[in-house]
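Here the structure is laid out as structure tokens; the discussion comes afterwards.
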Amino acid sequence: MANRLAGKVVIITGGTKGIGKGIAYMAAGEGAKVVISGRNAADGERVTEEIRSSYGAEAHFVQGDIGSEEGCRRLIAQTVERFGRVDGLVNNAGIFPRGTMLATTEELYDSIFAVNAKAPFFCSKYAIEAMQSTGGGSIVHMGSTHGYKGGFNLAAYGCSKGMLRTLSRHIAAHYAKDQIRSNWVTVGWVASEGEIELHENMGSSLGDLQERAKTAVPSGRMQTAEDMAYGVVYLLSDESNQVTGSELAIAGGLNM
1144 MANRLAGKVV IITGGTKGIG KGIAYMAAGE GAKVVISGRN AADGERVTEE IRSSYGAEAH
1204 FVQGDIGSEE GCRRLIAQTV ERFGRVDGLV NNAGIFPRGT MLATTEELYD SIFAVNAKAP
1264 FFCSKYAIEA MQSTGGGSIV HMGSTHGYKG GFNLAAYGCS KGMLRTLSRH IAAHYAKDQI
1324 RSNWVTVGWV ASEGEIELHE NMGSSLGDLQ ERAKTAVPSG RMQTAEDMAY GVVYLLSDES
1384 NQVTGSELAI AGGLNM
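Using this note's numbering, the first residue of the sequence shown is number 1144, and each one after it goes up by one.
Structural data, given as structure tokens:
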């Protein structure tokens, strides 16, 4: 693959680590100008420098909290100011603290929905406005197998991802006339930094997770950030110009 995203300006929220970072690297390798968002300035500058040095691509980091409408507006505005347009948005940023429905407090619920639901809604709002002025674009929402009913101890998280599925289909149905596409990726079990840290705190190592995945995941292994990135690049590229409102499962058969 080469230059499938040449000339496109792509925003990846939560692009400083894990799945988002993997998508940012592959998008840059395919010729995109990449904008990543995140809260940690050091991580953001490190990733953008790696993109510039390893892929020769233009990259920009926008630091801030996209859990507010203003944070989302600022992310899109800075992208347009720097590159003149937005061709792709990947709503990747997400948090997944554990909590059953009965154990979920209002504070926990609000914190999850701010990042997992409000942020993609308002990032999409401002991205759509930018895309309408330049002839269209592609929005990709990074979902989860938990977006269909949610694990027992991921109640609010599962509900937030269910909202993301509805958002994806809403955009697909109502903005296709503007040549704006919207698709959802069902993310499987990925050994991201956050996932590893969470399980280490509960006493499980990466090796333990990989061993468990041999039987828990039908394909026999955990998924990787690169697995996700292949699908996302396709959905951002012109190859998928007639693909909208779809659900692309990259989960190795998990939770089918």
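Yeah, the Cβ is synthetic: ideal placement off N, Cα and C, and Gly gets one too.
Setting aside the 5 residues that flank it on each side, Thr-1288 is surrounded in the same chain by Thr-1329, Gly-1331, Ala-1394, Leu-1397 and Asn-1398, each with a C-beta closer than 7 Å to its C-beta; the list follows chain order.
Under the DSSP assignment, His-1342 falls in the alpha helix (DSSP H) whose first and last residues are 1336 to 1344. In the DSSP assignment, Ile-1393 forms a beta bridge with Val-1330. A distance of 8 Å or more separates the beta carbons of Leu-1341 and Ala-1170.
Note that the C-beta distance between Asp-1186 and Lys-1151 is not below 8 Å. Going by DSSP, Val-1360 is part of no beta strand (DSSP E) at all; its letter is neither H nor E. Phe-1265 and Arg-1355 have their C-alpha atoms some 37 Å from each other.
Gly-1242 is bridged by DSSP to Leu-1297. In this chain, the alpha helix (DSSP H) harbouring Gln-1221 covers 1212 to 1226. Restricted to the stretch 1259 to 1314, the beta strand (DSSP E) segments that are unbroken, complete and at least 3 residues in length are 1280 to 1285, listed in chain order.
Bridge partners of Ser-1325 according to DSSP: Ile-1282. In this structure, Lys-1304 places its C-beta atom within 8 Å of the C-beta atom of Asn-1259. Residue burial annotation: Ala-1262 is buried, with at least 16 other C-beta atoms found within 10 angstroms of its C-beta. With at least 16 other beta carbons inside 10 angstroms of its own, Glu-1173 counts as buried.
Shown here, Ser-1180 sits in a strand according to DSSP, grouped into three states. Annotation: the continuous alpha helix (DSSP H) that includes Val-1376 extends over 1368 to 1379. Relative to the Cα of Gly-1157, the nearest Cα in the group Lys-1292, Ser-1362, Gly-1337 and Glu-1224 belongs to Gly-1337.
When the beta-carbon positions are compared, Ile-1209 and Ala-1200 stay at least 8 Å from each other. In the same chain as Lys-1357, and ignoring 5 residues on each side of it, the C-beta atoms closer than 6 Å to its own belong to Gly-1363, in chain order. A distance below 8 Å separates the beta carbons of Thr-1387 and Ala-1315.
Arg-1324 and Val-1205 have their C-alpha atoms some 24 Å from each other. Pairing His-1313 with Ile-1282, the inter-Cα distance amounts to about 12 Å. At a cut-off of 4 residues, the continuous stretches assigned as alpha helix (DSSP H) that sit fully inside the stretch 1146 to 1200 are 1161 to 1172 and 1184 to 1198.
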